[in-house]
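What follows is a set of notes on a single structure, which appears directly below.
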Amino acid sequence: MRPIEWLPALIAAISAFAVGGLWYSPLLFGKAWQREAGLSDEQLAASNKAMIFGVSFVLCLIAAAAFSAVIGPEPSTFMALHSGIGVGLAWVATSFGVNYLFEQKSLKLWLINAGYHSVQFTIYGVVFGLM
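Under the numbering used here, residues 25 to 155 are what the sequence shown spells out, in order.
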């Protein structure tokens, strides 16, 4: 197994987590996501936000660390960026698509969620390519 570049992984996870905050905020797709996911304001207000945000960040860090192990140390910016785009679109978004089809979730919800994760891995590629 290739070594994990922990500092870039941490920076990538923080960056993707911050973009996720914006992505799912009312400024971008938050209300549409909430509606398509079938979540009420009351359900969101009653949720354990500390657990949700904490575990979500840990999952972003795990994904960034795994991405680091896949692309290896010192990737070229071109390779890292294209790997991020490829992983986001070809692995994550398509995998979500399979589940969403069987779960009969909306295309709009898939576009919001798959879009975020495609951007997430693109960010990982940018961070690892620049560091």
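Just so it is clear, CB atoms sit at the ideal spot from N, CA and C, and this is done for glycine as well.
Residue closest to residue i, alpha-carbon to alpha-carbon, out of the options
| i | options | result |
| --- | --- | --- |
| Ala33 | Ser92, Trp57 and Ile136 | Ser92 |
| His141 | Ala89, Phe41, Pro27 and Leu31 | Phe41 |
| Ile97 | Val151, Ile38 and Ser39 | Checking the sequence, you will find Pro at residue 97 rather than Ile. The residue with the shortest Cα to Cα distance from Pro97 is Val151. |
| Ile86 | Ala37, Gly153 and Met155 | Ala37 |
Opening and closing residue of the alpha helix (DSSP H) in which residue i lies
| i | result |
| --- | --- |
| Ser92 | Lys73 to Ile95 |
| Ser64 | Here Ser64 belongs to no alpha helix (DSSP H), and DSSP marks it neither H nor E. |
| Glu127 | Thr118 to Glu127 |
| Met103 | Thr101 to Gly110 |
| Ile147 | Leu131 to Leu154 |
| Phe41 | Trp30 to Trp47 |
Contact set for residue i: own chain, Cβ-Cβ below 8 Å, skip 5 residues either direction
| i | result |
| --- | --- |
| Phe120 | Trp134, Asn137, Ala138 and His141 |
Cβ-heavy atom distance, residue i to the ligand ADP, below 6 Å
| i | result |
| --- | --- |
| Phe152 | Judged by which ligands are present, the structure shown has none, so any question about the ligand ADP falls away. |
Residues near residue i by beta carbon distance below 6 Å, same chain, minus five either side
| i | result |
| --- | --- |
| Arg26 | Ala93 and Gly96 |
| Tyr124 | Trp134 |
| Ile35 | Val151 |
| Ala89 | Ile28 and Ala33 |
| Gly108 | Phe145, Thr146, Tyr148 and Gly149 |
| Val111 | Phe145 |
| Asn127 | The identity of residue 127 in the sequence shown is Glu, whereas the question assumes Asn. No residues qualify anywhere along the chain. |
| Ala117 | Ala138 and Ser142 |
Proximal residues to residue i (C-beta, below 7 Å), its chain only, five neighbours per side dropped
| i | result |
| --- | --- |
| Gly54 | Tyr48 |
| Leu52 | Leu46 |
| Arg130 | Arg is not the amino acid found at residue 130; the sequence shown has Ser there. Excluding residues within five positions, the ones whose Cβ falls inside 7 Å are Glu60. |
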